[in-house]
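What follows is a short report on a single structure.
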Amino acid sequence: MVKKLIDGVNVEYEIIGSGKPILALMPGARRGYLEMKSLAEKIAKNDIRILLHDRRNTGKSSMLIDDAHTEEVTWARELRKLFKSLNEQHIFISGSSSGARTSLMYALEFPKDLIGLIIMRVTGGKFAASNLPKNYYEVFINAAKSGGMKSVCDTARFAEYIKTNPDIENELMQFDVNEFIKIQENLLVKFRAGADYPVMGVTQDELGSITIPSLVIPGNDNTHNSVSGIAAYEMLGNSELFQLPIDDVDVDLIPWSDWAEYEDQIAESMSEFIQRVMATQ
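Set out below in structure tokens:
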């Protein structure tokens with residue numbers, strides 16, 4: 002594990018495996034990259050390198066909270082600069098949930114950089130549109146208003162970040178509470194602007210404009226229902242669908258760890274897709 006300084010942020014990353022293509026693999030929510038390491042190791046057995054990294058404000062990467070763009074756009078631009086610093090050329094990008102949204106933002110902004118796109122557990126639907134703004138922003142706004150930055154540190158999301166990266170607690174405590182609230186409120190507005198699309202954060206026209214080869218692996222809970230994944234597959238300009246042998250379950254969220262039994266199938270599907278696309282280059 003090493004770090005690169007990207008726009009003032011120390012980004013922790015790791016490259017697994019060997020081979021010509023490189024696949025960025027991102028987890029959901031604001032979790033660190035270790036969640037994806039098991040899947041990465043399986044894909045890497047097929048002569049595919051995997052770039053794992055902690056996006057800013059996650060894992061062991063440093064914190065820089067601002068409201069210039071949605072978090073997914075910021076993460077996409079950060080990842081591009083990381084790739085550029087590594088002089089990578091044969092790039093595939095992938096992710097689950099927020100990692101999928103980040104991948105889509107990358108494909109929209111930098112389509113010429115990419116050979117292929119893989120998105121898993123696509124977010125969309127009424128439940129996600131209602132629930133995620135609360136979990137992503139409102140909980141921190143309310144905590145800051147009721148108990149200041151100490152209460153923000155005590156939220157589950159920041160407590161996990163602090164556990165992994167202890168310096169974050171002091172940085173948060175030094176953050177002006179009113180500025181923090183303003184930033185979170187602005188991010189909330191940006192997030193809500195795309196929350197009601199069938200594929201959260203991306204319009205149908207935007208999806209149709211993505212014409213690089215794409216693979217979609219739908220989820221099966223209320224946050225990542227299969228309908229949203231299938232909608233992404235249908236709207237993307239050049240896509241394939243891989244459906245796991247699972248049914249939708251009426252629960253808010255199925256943790257990524259509960260998909261462990263499907264990792265071999267996911268790794269095989271992703272590897273086969275990458276190898277097939279590379280054969281056309």
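So in the working numbering, spot 198 of the sequence shown is number 199, and the numbers just go up one at a time.
Glycine included, C-beta positions come from ideal geometry on N, C-alpha and C.
Quick caveat, the model's predicted, so the values are computed rather than measured.
TODO: Could you round the C-beta distance between residue 62 and residue 10 to whole angstroms and report it? I think they count as a contact, below 8 Å.
DONE: For the purposes of this step, residue 62 is taken as residue 61 along the sequence shown, with counting starting at 1. For the purposes of this step, residue 10 is taken as residue 9 along the sequence shown, with counting starting at 1. Their Cβ separation, rounded to whole angstroms, is 6 Å, which keeps residue 62 and residue 10 in contact under 8 Å.
TODO: Closer than 7 Å by C-beta to residue 20: which residues in its own chain qualify, once you throw out the five before and the five after it? Chain order, please.
DONE: Stepping through the sequence shown from its first residue, residue 20 is reached at position 19. So the list reads 48, 49, 50, once near-sequence residues are dropped.
TODO: In angstroms with no decimal places, state the Cα-to-Cα distance between residue 108 and residue 147.
DONE: The residue you call residue 108 lines up with position 107 of the sequence shown. The residue you call residue 147 lines up with position 146 of the sequence shown. One C-alpha to the other measures close to 39 Å.
- [ ] Figure out for me which residue from 154, 184, 161 has the closest Cα to the Cα of residue 171.
- [x] The sequence position of residue 171 within the sequence shown is 170, counting from 1. Taking only the C-alpha atoms, the option nearest residue 171 is 154.
Open item on the list: Using the three-state DSSP reduction, which class does residue 88 fall into: helix, strand or coil?
Closed with: The residue labelled residue 88 in the question sits at position 87 within the sequence shown. DSSP places residue 88 in coil when its eight states are reduced to three.
TODO: Could you name the residues of the same chain whose beta carbon sits closer than 7 Å to that of residue 204, not counting the 5 residues immediately before and after it, in chain order?
DONE: On the sequence shown, position 203 is the one that residue 204 refers to. These residues qualify, in order along the chain: 198.
Open item on the list: Along the chain, where does the alpha helix (DSSP H) containing residue 239 start, and where does it finish?
Closed with: To locate residue 239, count along the sequence shown from 1; it is residue 238. Element bounds for residue 239: n/a, residue is neither H nor E.
Open item on the list: Quick check on the burial criterion: 16 or more other C-beta atoms within 10 angstroms. Buried or exposed for residue 6?
Closed with: As a first step, residue 6 is located in the sequence shown; it is residue number 5 there, counting from the start. Exposed, since its Cβ has fewer than 16 Cβ neighbours within 10 Å.
Task: Distance between residue 78 and residue 201 (C-alpha atoms, nearest Å) - done: To locate residue 201, count along the sequence shown from 1; it is residue 200. To locate residue 78, count along the sequence shown from 1; it is residue 77. Residue 201 and residue 78: Cα-Cα distance of roughly 19 Å.
Open item on the list: If we require 4 or more residues per run, which alpha helix (DSSP H) segments fall completely within the stretch 108–176?
Closed with: With a minimum length of 4 residues, the continuous alpha helix (DSSP H) runs that stay inside the stretch 108–176 are 127–134, 140–155, 157–165, 168–174.
Open item on the list: Going by DSSP, what residue range makes up the beta strand (DSSP E) through residue 11?
Closed with: Here residue 11 refers to the residue found at position 10 of the sequence shown. From DSSP, the beta strand (DSSP E) with residue 11 extends over 10–17.
TODO: May I have a chain-ordered list of the alpha helix (DSSP H) segments no shorter than 4 residues that lie completely inside the stretch 201–250?
DONE: Listed in chain order, the complete alpha helix (DSSP H) runs (minimum 4 residues) inside the stretch 201–250 are 205–210, 227–236.
Task: Per-residue DSSP class, three states only, for residue 50 - done: Residue mapping note: residue 50 aligns to position 49 of the sequence shown, counting from 1. Strand.
Task: Contact the stretch 51–58 vs the stretch 182–199: 3+ CB pairs below 8 Å - done: no
Open item on the list: Is the beta carbon of residue 121 closer than 9 Å to that of residue 1?
Closed with: Coverage of the chain is limited to positions 2 through 282, which leaves residue 1 absent and any answer about it impossible.
Task: DSSP beta-bridge partners of residue 25 - done: What you label residue 25 is simply residue 24 of the sequence shown in a count that begins at 1. Residue 25 is bridged to 52, 94.
- [ ] Give the secondary structure of residue 65 by DSSP, where H, G and I count as helix, E and B as strand, and everything else as coil.
- [x] The residue given as residue 65 occupies position 64 in the sequence shown. Reduced to three states, the DSSP call for residue 65 is coil.
Task: the stretch 255–270 / the stretch 34–48 touching (three or more Cβ pairs under 8 Å) - done: yes
TODO: Taking all protein chains shown into account, decide if residue 224 is buried (16 or more other Cβ within 10 angstroms of its Cβ) or exposed.
DONE: As a working note, residue 224 is residue 223 in the sequence shown. Burial call: buried.
Open item on the list: Quick test of the definition: if touching needs 3 or more C-beta pairs under 8 Å, does the stretch 18–32 touch the stretch 86–100?
Closed with: yes
TODO: Measuring alpha carbon to alpha carbon, tell me which of 251, 106, 111, 209 ends up nearest residue 235.
DONE: As a first step, residue 235 must be located in the sequence shown, where it is residue number 234. Measuring from the Cα of residue 235, the nearest candidate turns out to be 209.
Open item on the list: According to DSSP, simplified to helix, strand and coil, what is residue 40?
Closed with: Counting from 1 along the sequence shown, the entry for residue 40 is found at position 39. Reduced to three states, the DSSP call for residue 40 is helix.
- [ ] List the endpoints of the continuous beta strand (DSSP E) containing residue 267.
- [x] Residue numbering aside, residue 267 sits at position 266 when the sequence shown is read from its first letter. Taken as a continuous stretch (DSSP letters only), residue 267 belongs to no beta strand (DSSP E), being part of the alpha helix (DSSP H) at 264–279.
TODO: Report, in whole angstroms, the separation of the C-beta atoms of residue 217 and residue 123, which I expect to be a contact under 8 Å.
DONE: Position 216 of the sequence shown, counted from the first residue, corresponds to residue 217. Position 122 of the sequence shown, counted from the first residue, corresponds to residue 123. With 8 Å as the limit, residue 217 and residue 123 qualify as a contact, their Cβ atoms being about 7 Å apart.
TODO: Could you give the DSSP three-state label for residue 252: helix, strand or coil?
DONE: Looking up residue 252 in the sequence shown gives position 251. Residue 252 falls in the coil class under three-state DSSP.
- [ ] Could you please give the first and the last residue of the uninterrupted alpha helix (DSSP H) stretch that includes residue 6?
- [x] In the sequence shown, counting from the first residue as 1, residue 6 sits at position 5. Per DSSP, residue 6 belongs to no alpha helix (DSSP H); it is in the beta strand (DSSP E), 3–7.
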